[in-house]
Structure formats: C-alpha cells, structure tokens
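Data block below; observations after.
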Amino acid sequence: MAFDCCPQECPVAASAPESELLKTPLHALHLELGARMVPFAGYSMPVQYPAGLMAEHKHTREAAGLFDISHMGQLRLSGPDAAAAFETLMPVDVIDLPAGKQRYGLLLDDKGGILDDLMFFNEGNGSLFVIVNGACKVADIAHIQQKIGQRCQVQPLPDQALLALQGPRAAATLARLSPGIERFVFMTGGAVQVGGIDAFVTRSGYTGEDGFEISVAAKDADALARLLLAQPEVKPIGLGARNSLRLEAGLCLYGSDIDTGTTPVEASLNWAIQKVRRNGGARAGGFPGAEKILAQLVAATGAAGHLDHDTLKRRRVGLVALERIPVRDGTPLQSFEGQDIGQVTSGLLGPTADRPVAMGYVATAFAEPGTRVQAIVRGKPVPMEVSTLPFVPTRYYRG
Numbered sequence: 001m002a003f004d005c006c007p008q009e010c011p012v013a014a015s016a017p018e019s020e021l022l023k024t025p026l027h028a029l030h031l032e033l034g035a036r037m038v039p040f041a042g043y044s045m046p047v048q049y050p051a052g053l054m055a056e057h058k059h060t061r062e063a064a065g066l067f068d069i070s071h072m073g074q075l076r077l078s079g080p081d082a083a084a085a086f087e088t089l090m091p092v093d094v095i096d097l098p099a100g101k102q103r104y105g106l107l108l109d110d111k112g113g114i115l116d117d118l119m120f121f122n123e124g125n126g127s128l129f130v131i132v133n134g135a136c137k138v139a140d141i142a143h144i145q146q147k148i149g150q151r152c153q154v155q156p157l158p159d160q161a162l163l164a165l166q167g168p169r170a171a172a173t174l175a176r177l178s179p180g181i182e183r184f185v186f187m188t189g190g191a192v193q194v195g196g197i198d199a200f201v202t203r204s205g206y207t208g209e210d211g212f213e214i215s216v217a218a219k220d221a222d223a224l225a226r227l228l229l230a231q232p233e234v235k236p237i238g239l240g241a242r243n244s245l246r247l248e249a250g251l252c253l254y255g256s257d258i259d260t261g262t263t264p265v266e267a268s269l270n271w272a273i274q275k276v277r278r279n280g281g282a283r284a285g286g287f288p289g290a291e292k293i294l295a296q297l298v299a300a301t302g303a304a305g306h307l308d309h310d311t312l313k314r315r316r317v318g319l320v321a322l323e324r325i326p327v328r329d330g331t332p333l334q335s336f337e338g339q340d341i342g343q344v345t346s347g348l349l350g351p352t353a354d355r356p357v358a359m360g361y362v363a364t365a366f367a368e369p370g371t372r373v374q375a376i377v378r379g380k381p382v383p384m385e386v387s388t389l390p391f392v393p394t395r396y397y398r399g
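Going left to right, the sequence shown walks through residues 1 to 399 as the working numbering numbers them.
Laid out in structure tokens, this is it:
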C-alpha cells in the first residue's frame with residue numbers, strides 16, 4: 001500500500017536532494033533501523049520500516065508503536081493576557097480551559113478558512129504550550145506573533161523533539177519508565193521524568209488509540225527513543241501507518257481534508273466550537289470569520305426546521321466503498337444520476353476496517369449517513385455509502 005502524501009504537508013518534491021531536507025534528532029536512528037525515508041513537510045522522515053506499513057499499523061492497534069513527530073512545531077504563549085489573546089484567533093474556548101488540560105484548536109483566516117489545526121495545553125500561571133503542524137509551523141508562528149505578539153510572549157521551541165507512543169499497551173509501557181503516568185487521562189498531562197529523562201507528556205495522539213505525546217529536549221530524544229524501543233511492546237512506526245491509523249479514526253490531515261478553503265463547519269468539526277463561542281454564548285463570536293461560521297452552525301443544526309443548503313453547501317463525510325476497490329484522494333464523487341457532488345480528500349484500504357474507506361466533501365443534500373454515491377475511479381463508477389466516523393472505534397482513556 002502506497003503512502004499518499006498531500007502537497008501542503010509535503011512541500012518538498014519527492015525528487016528533492018537529501019541535502020536540502022531538514023533532519024529530526026532521530027534521523028540517524030531511523031537509518032539504523034532500516035527506515036525508508038521520504039521528504040515530508042521539508043524534513044527527511046521515515047515512511048516505513050522493514051516490517052512494512054501493514055505490520056506497523058496492526059502492531060499499533062495491538063501493542064504500542066513509537067512515532068517520530070519532531071517535524072511538528074512547538075511554541076509557548078505566556079503572560080496574563082495569553083489565553084484571551086489566543087482565543088481571538090480561534091473559535092474555541094481558551095480562557096476557560098483548566099490548568100493541566102489540553103484542547104484541539106483551529107487557527108482561522110479572516111474568511112473563516114482553516115490556517116491550521118493544533119493542540120494547546122494550559123500549563124497554568126498564564127502559560128500555554130502549543131503544537132502545530134510541521135508544514136505550517138513557520139507561517140503559524142509568524143501569524144500568531146503578528147496578531148497577538150503585543151499581548152503576550154510568543155516563544156518558538158525549536159530545540160524540542162516530539163515523540164508519540166500509541167496503542168493499547170502504551171500506558172503500561174510508559175508507566176514502567178515513569179511510575180504514576182497512568183494517572184493522566186485523555187487530554188491531560190504534565191512535566192514528568194521518563195527513565196530519568198525530563199519530558200512533558202500529554203495523554204493524546206492522532207491514531208484513535210490510547211497513547212501519549214512526549215516533548216523532550218532534542219539532545220535527549222535519541223536516548224529516550226532507544227529506551228522506549230527497548231521495551232518488548234514497542235516497535236518503530238512510520239508515516240505510512242500514521243496516515244492509515246488516523247484515517248480509520250476519522251481524523252483530518254491538514255492540507256488534504258482541511259485547509260484555507262474549508263471552514264470548521266464544512267469540515268464537520270462543529271464539536272471543536274464550544275457553546276461559549278457560539279450564538280448565545282458568553283463570548284460568542286470575536287474570532288476570524290465568525291459571522292460566516294456562526295451562520296453555518298445554525299444552518300447545520302436545522303434550527304429553522306430544515307437544513308439550510310444555501311448557507312452550508314457541503315460537508316466532510318466518511319465514505320465506505322461497496323466494492324473492494326480503494327478510492328484515493330482527488331477522486332471525483334457523483335450522484336447516481338451523474339451529478340458532480342464532491343471529491344475524496346483521503347482514501348485507502350483500511351487495514352483494521354478491512355474495507356476501502358475514505359473521507360471527502362459532498363453537497364449537503366448527500367451528507368446523511370446511508371446515502372449512496374459513486375466515486376469515479378479511472379473513468380469507472382465505484383458505489384460508495386456515506387458513513388459515520390470513525391471507521392474503527394477510538395480507544396481514548398477517559399478514566
């Protein structure tokens with residue numbers, strides 16, 4: 001199975017010289033482990049190891065997989081006004097997020113388009129720890145600095161590496177090296193030591209499995225990775241399996257499933273907009289593109305007695321092929337009457353789902369689960385059915 005890499009997350013051409021690519025602190029370890037390296041977000045990154053994508057995907061679902069995600073951007077916002085300032089850039093509740101907890105956020109442009117999706121963690125004492133996508137990090141940091149840099153300190157953290165340990169045995173494995181880590185539940189975390197190495201750990205990740213993301217000083221990343229890989233449950237996992245895992249979990253890839261051409265409501269990310277920022281909420285609006293997005297939220301709920309297809313013209317949906325034919329990103333979608341209704345943005349043969357699964361955008365009239373549509377694959381129609389997400393049940397640990 002090939003790894004499908006989107007242009008925005010892979011801005012460097014596949015033929016780019018290795019010398020032009022950045023390297024994570026684990027680059028030498030990847031080569032030692034026999035990884036096949038590819039350009040990704042300007043970095044040389046492991047797409048898979050000798051075991052192969054299918055084995056890596058299944059191992060993560062069954063045990064614990066270690067991912068190098070050090071290409072992603074890390075920064076800290078600090079100062080008494082940091083939360084209020086950051087909230088002006090996103091349609092989410094930043095101010096009321098308790099210390100010690102993490103939340104998913106959406107950085108928006110003035111038209112309500114998604115500049116990036118990100119995670120932010122309230123460290124307490126006016127400090128927010130933020131993780132952004134690798135291909136977007138330079139633009140994100142510049143945007144944040146330009147918009148709110150006069151209200152809080154914006155501190156990039158380029159000397160931090162980032163690892164993800166994902167899978168049903170991740171907690172037991174990490175607790176062996178960091179006793180007490182099991183007290184964290186989904187989207188919480190804090191500063192800990194892992195095998196004597198200082199780290200900042202959150203119980204989160206992007207595979208749909210229980211697991212942890214571990215921020216560690218770049219100088220300690222190799223030692224920490226080797227310590228984790230020495231545990232019997234853990235194997236290294238590349239970007240190929242990360243992609244198939246997140247798609248089965250119904251999670252968006254920036255640049256493929258969401259971008260500046262999509263709003264949060266079109267992307268079916270309504271759940272990421274808390275009530276306090278919606279119409280009638282204590283801090284309704286006040287974010288870029290608020291008028292458009294709040295109108296789309298009303299349209300999506302059918303508040304006037306029916307769905308407003310003029311205000312909300314399309315939605316991101318899950319799709320399952322009714323024939324065993326993978327439907328890749330970019331594939332056109334039509335009604336059975338031949339009407340063009342949308343396009344696939346991510347698609348593959350799901351290793352755990354054991355069927356072709358995809359996500360894409362369809363006209364709102366076709367977004368109801370159970371609706372039949374057809375994908376046009378190499379000129380031939382493949383019947384598909386709109387499905388609820390995720391395709392594989394998530395297993396986040398909530399206590």
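Cβ atoms here follow ideal geometry from the backbone N, Cα and C, with glycine treated the same way. Note that the coordinates shown come from a computational prediction; the quantities given were computed from them, not determined experimentally.
Let me know the secondary structure DSSP gives S19 once reduced to three states.
For this step, residue 19 is matched to residue 19 along the sequence shown. Helix.
Best match in V320, G350 and K137 for proximity to L75 [C-alpha to C-alpha]
As a first step, residue 75 is located in the sequence shown; it is residue number 75 there, counting from the start. Out of V320, G350 and K137, K137 has the C-alpha closest to the C-alpha of L75.
Please state if the CB of F40 and the CB of A239 are separated by a distance shorter than 8 Å.
Residue mapping note: residue 239 aligns to position 239 of the sequence shown, counting from 1. Residue mapping note: residue 40 aligns to position 40 of the sequence shown, counting from 1. The residue you asked about is not Ala; residue 239 is Leu in the sequence shown. A contact, by the Cβ cut-off of 8 Å.
Leaving out five residues on either side along the sequence, give the residues of the same chain with a beta carbon under 7 Å from the beta carbon of G305.
Along the sequence shown, one-based indexing puts residue 305 at 305. Confidence in G305 is poor, its pLDDT being 49 and thus under 50, which makes the residue's placement unreliable; the coordinate value appears in the next sentence. Closer than 7 Å at Cβ, skipping near neighbours: no residue.
Sub-8 Å separation of R176 and Q231 beta-carbons
Working through the sequence shown from its first residue, we reach residue 176 at position 176. Working through the sequence shown from its first residue, we reach residue 231 at position 231. Yes. Within cutoff.
Are the beta-carbon atoms of G42 and L21 separated by less than 8 Å?
Taking the sequence shown and counting its residues from 1, the one referred to as residue 42 is at position 42. Taking the sequence shown and counting its residues from 1, the one referred to as residue 21 is at position 21. Yes.
With Q160 and A218 assumed to form a contact (beta carbons below 8 Å), what rounded beta-carbon distance in angstroms separates them?
To locate residue 160, count along the sequence shown from 1; it is residue 160. To locate residue 218, count along the sequence shown from 1; it is residue 218. That belief holds up - the Cβ atoms of Q160 and A218 are roughly 6 Å apart, short of 8 Å.
V386 classed as buried or exposed, judged by whether at least 16 other C-beta atoms fall within 10 angstroms:
Position 386 of the sequence shown, counted from the first residue, corresponds to residue 386. Looking at its Cβ environment, which holds 16 or more other Cβ atoms inside 10 Å, V386 is buried.
Who pairs with K101 in a beta bridge, going by DSSP?
In the sequence shown, the residue the question calls residue 101 occupies position 101. DSSP lists T188 as partners of K101.
Which residue's Cα is closest to the Cα of L106: Q274, I325, V192 and L157?
By 1-based counting over the sequence shown, the position of residue 106 is 106. Per the Cα distances, Q274.
Do D109 and L115 have their beta-carbon atoms positioned less than 8 Å apart in this structure?
Position 115 of the sequence shown, counted from the start, is the residue given in the question as residue 115. Position 109 of the sequence shown, counted from the start, is the residue given in the question as residue 109. Between L115 and D109, the C-beta spacing is below 8 Å.
Just curious, the alpha helix (DSSP H) that F366 is in, first and last residue?
Against the sequence shown, residue 366 aligns to sequence position 366. Segment: none, F366 is in no alpha helix (DSSP H) and carries neither H nor E.
Around the C-beta of L253, are 16 or more other C-beta atoms found within 10 angstroms, so that it is buried, or is it exposed?
For the purposes of this step, residue 253 is taken as residue 253 along the sequence shown, with counting starting at 1. When all chains shown are included, L253 counts as buried.
Please report the distance separating the alpha-carbon of I181 from that of E32.
Taking the sequence shown and counting its residues from 1, one reaches residue 181 at position 181. Taking the sequence shown and counting its residues from 1, one reaches residue 32 at position 32. Approximately 30 Å, taken between the alpha carbons.
What are the uninterrupted segments assigned as alpha helix (DSSP H) that are 4 or more residues long and contained completely in the region 196-264, given in chain order?
218-229 and 239-248
Just curious, the alpha helix (DSSP H) that V138 is in, first and last residue?
The count along the sequence shown starts at 1 and reaches residue 138 at position 138. Note, V138: alpha helix (DSSP H), K137 to I148.
Using the Cβ count rule (16 or more neighbours within 10 Å means buried), how would you classify E87?
Position 87 of the sequence shown holds residue 87. By the neighbour-count rule (16 or more Cβ atoms within 10 Å), E87 is buried.
To the nearest angstrom, how far is the alpha carbon of S78 from that of V344?
Taking the sequence shown and counting its residues from 1, the one referred to as residue 78 is at position 78. Taking the sequence shown and counting its residues from 1, the one referred to as residue 344 is at position 344. So the alpha carbons of these two residues sit roughly 40 Å apart.
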